[in-house]
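Visitor: So that we are looking at the same thing, I have put the structure below in structure tokens.
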Amino acid sequence: MEIRDIAVLGSGVMGHGIAQVSAMAGYNVTLRDIKQEYLDRAMEKIQWSLEKMVSKEKISPQESRTILEKIRPVVDLKDAVVGADMVIEVVPEIMELKKKVYAELDSVADERTVFASNTSTLPITEIAGTMSRPEKFIGIHFFNPPQLMKLVEIIPGEKTATEITDMTVKFVETIGKQAVICRRDVPGFIINRLFIPMVHEACYLRDRTGATLEEVDSAVKFKMGFPMGIFELADFTGMDVIHKATVEMYQRDKKVINPHHIVGEMFEGKKLGQKSGKGYYTYSDDKYERVALSEEIASRCDPIQLVANITNNAAWLVTNKASDIEEIEKAARLGLGLKKPLFETAKDVGINTIVSELEKLAAKHGEFYRPDPLLLSMR
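Per our numbering, the sequence shown starts with residue 324, numbered consecutively.
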């Protein structure tokens with residue numbers, strides 16, 4: 324099966340970004356939302372993005388016009404999906420809403436249509452169970468903003484046909500992205516399985532050591548190879564996003580995350596990070612502000628607890644056959660911006676040191692910290 328025509332359901336930041344990169348790759352795109360005003364706003368943003376590319380001489384004015392002409396905004400769902408080879412659903416991360424959309428899609432979409440849900444945490448197999456054709460359903464997790472981020476996680480459900488997975492990988496490659504396959508439908512997939520628990524663990528690190536936000540963040544940046552500190556990254560991502568992912572992951576498996584109360588409290592208090600002006604840090608305006616971090620500040624904090632947490636979670640993904648070390652490193656480099664491979668950092672710190680730290684934490688704080696069998700075998 325060849326993909327030529329794509330329907331994108333949802334015209335928000337992710338939806339119109341996916342529509343744009345698909346049209347830029349030559350696909351015919353129908354962009355659907357529930358109100359014309361949402362679509363008008365989305366098309367304006369796409370046009371603005373393309374004009375920026377023209378001004379930087381990345382594309383010509385004619386190419387910009389051609390790309391825009393490939394995107395057809397539509398309100399009616401049936402009109403949007405008729406004739407579509409692939410439907411990429413980008414509605415809000417609410418399980419009942421997604422199930423409602425797919426129940427409707429099942430009755431109006433063509434038999435040949437492939438369904439791809441852009442979700443960062445919701446279980447693919449459960450959503451697919453809403454449809455009469457789960458073998459044609461797959462998870463396709465783009466990262467924000469889709470125009471810039473190269474990584475796309477692909478998550479087959481339990482009944483997804485192999486050819487659908489292969490076809491989705493090829494589609495991702497044709498739009499200039501790099502795919503990693505999460506081979507099992509596990510909580511958080513790959514990136515959020517690493518990132519979300521680490522945000523909570525950083526909160527526990529502060530509780531247990533008295534380290535400041537800047538000390539933890541400097542250690543994460545300068546000792547672990549992250550592009551920014553973990554609290555800085557959480558503020559940039561949005562505490563609403565992190566809280567939602569936390570709830571979904573913890574609901575699916577209590578063992579994959581150790582929730583710290585501050586994350587939920589920040590969400591309830593609308594301290595959402597950069598977008599609200601206050602999160603872990605305080606921001607003065609809408610422009611993104613970098614926190615002052617340094618190697619000197621990093622020297623005051625030992626991030627062993629965070630190194631142990633993220634390495635143990637990476638090992639869990641391997642042990643549970645959701646991924647392998649090579650794919651995890653690729654995902655972490657593209658999705659988290661890591662400048663140094665996770666397992667290289669782990670080897671520099673010492674696997675024995677990491678296992679010892681996890682065993683101490685497990686003895687004091689519970690089974691969540693029990694070292695993964697893969698780490699035990701690597702000693």
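Each residue gets a CB set at the ideal place from its N, CA and C atoms; glycine is no exception.
1. Which class does L354 belong to by DSSP, given the choice of helix, strand or coil?
2. Quick check: what's the CA-CA separation for L536 versus V543?
3. Tell me whether P396 sits in a helix, a strand or coil according to DSSP, three-state version.
4. With distances taken Cα to Cα, identify the nearest neighbour of R529 among E571, D576, M572 and H583.
5. CB I633 to CB M472, shorter than 7 Å?
6. According to the neighbour-count rule (16 or more other Cβ atoms, all chains shown, within 10 Å of its Cβ), is R355 buried or exposed?
7. Could you tell me the distance, in whole angstroms, from the CA atom of E496 to the CA atom of K683?
8. Which value, in whole angstroms, describes the spacing of the CA atoms of C526 and P396?
9. How big is the Cα-Cα spacing for M324 and K368?
10. So T642 packs on L681, CB below 8 Å; how close in whole Å?
11. With H, G and I counted as helix, E and B as strand and the rest as coil, what does DSSP make of A645?
12. With distances taken between CB atoms, is the gap from L420 to V413 smaller than 7 Å?
13. Go ahead and pull the three-state DSSP assignment for F703.
14. Touch check for the segment 564-579 and the segment 643-657: three-plus C-beta pairs under 8 Å?
15. Pull up the DSSP beta-bridge partners for L640, would you.
16. Along the chain, where does the beta strand (DSSP E) containing H464 start, and where does it finish?
17. Should the segment 398-417 be regarded as contacting the segment 368-382, the criterion being three or more beta carbon pairs within less than 8 Å?
18. Applying the criterion that 16 or more other CB atoms from any shown protein chain within 10 Å of the CB defines a buried residue, is K459 buried or exposed?
19. Give the C-beta separation of T453 and Y425 to the nearest angstrom, bearing in mind that I take them to be a contact with Cβ-Cβ under 8 Å.
20. Going along the chain, which unbroken runs of the alpha helix (DSSP H) with 4 or more residues stay wholly within the segment 510-575?
21. Closer than 7 Å by C-beta to A685: which residues in its own chain qualify, once you throw out the five before and the five after it? Chain order, please.
22. If you measure between the beta carbons of F559 and D540, is that distance less than 7 Å?
23. When the distance is taken between beta carbons, is L661 closer than 7 Å to G511?
Guide: Reading it off the structure:
1. Counted from its first residue, the sequence shown places residue 354 at position 31. If DSSP states are grouped into helix, strand and coil, L354 belongs with the strands.
2. Residue numbering aside, residue 536 sits at position 213 when the sequence shown is read from its first letter. Residue numbering aside, residue 543 sits at position 220 when the sequence shown is read from its first letter. One C-alpha to the other measures close to 11 Å.
3. Taking the sequence shown and counting its residues from 1, the one referred to as residue 396 is at position 73. P396 falls in the strand class under three-state DSSP.
4. The residue you call residue 529 lines up with position 206 of the sequence shown. Checking every option, the nearest Cα to that of R529 belongs to H583.
5. Against the sequence shown, residue 633 aligns to sequence position 310. Against the sequence shown, residue 472 aligns to sequence position 149. The answer is no: Cβ separation not under 7 Å.
6. In the sequence shown, the residue the question calls residue 355 occupies position 32. Buried.
7. Locating residue 496 in the sequence shown gives position 173, counting from the first residue. Locating residue 683 in the sequence shown gives position 360, counting from the first residue. Roughly 44 Å between the two C-alpha positions.
8. As a first step, residue 526 must be located in the sequence shown, where it is residue number 203. As a first step, residue 396 must be located in the sequence shown, where it is residue number 73. Rounded to the nearest angstrom, the two C-alpha atoms are 44 Å apart.
9. Position 1 of the sequence shown, counted from the start, is the residue given in the question as residue 324. Position 45 of the sequence shown, counted from the start, is the residue given in the question as residue 368. Rounded to the nearest angstrom, the two C-alpha atoms are 32 Å apart.
10. Taking the sequence shown and counting its residues from 1, one reaches residue 642 at position 319. Taking the sequence shown and counting its residues from 1, one reaches residue 681 at position 358. Contact between T642 and L681 does not hold, since their C-beta atoms are separated by about 14 Å, which reaches or exceeds 8 Å.
11. Reading the sequence shown from its first residue, position 322 is the one you call residue 645. Assigned with DSSP and collapsed to three states, A645 falls in coil, not helix or strand.
12. Indexing the sequence shown from 1 puts residue 420 at position 97. Indexing the sequence shown from 1 puts residue 413 at position 90. Going by C-beta atoms, L420 is not nearer than 7 Å to V413.
13. What is shown of the chain runs 324 to 702, which leaves residue 703 out entirely.
14. no
15. Here residue 640 refers to the residue found at position 317 when the sequence shown is read from its first residue. Its beta-bridge partners do not exist; DSSP assigns none.
16. In the sequence shown, counting from the first residue as 1, residue 464 sits at position 141. Start and end: F460 to F465.
17. no
18. In the sequence shown, the residue the question calls residue 459 occupies position 136. Buried, because 16 or more other Cβ atoms sit within 10 Å of the Cβ of K459.
19. Here residue 453 is taken as the residue at index 130 of the sequence shown, counted from 1. Here residue 425 is taken as the residue at index 102 of the sequence shown, counted from 1. With 8 Å as the limit, T453 and Y425 qualify as a contact, their Cβ atoms being about 4 Å apart.
20. 514-532, 536-547, 553-560 and 562-575
21. On the sequence shown, residue 685 is found 362 positions in, with the first residue counted as 1. Within the same chain, Y692 and R693 come within 7 Å of A685 by CB-CB distance, once the 5 residues on both sides are set aside.
22. The residue you call residue 559 lines up with position 236 of the sequence shown. The residue you call residue 540 lines up with position 217 of the sequence shown. No, these two residues do not count as a Cβ contact at 7 Å.
23. Here residue 511 is taken as the residue at index 188 of the sequence shown, counted from 1. Here residue 661 is taken as the residue at index 338 of the sequence shown, counted from 1. 7 Å or more divides the Cβ of G511 from the Cβ of L661.
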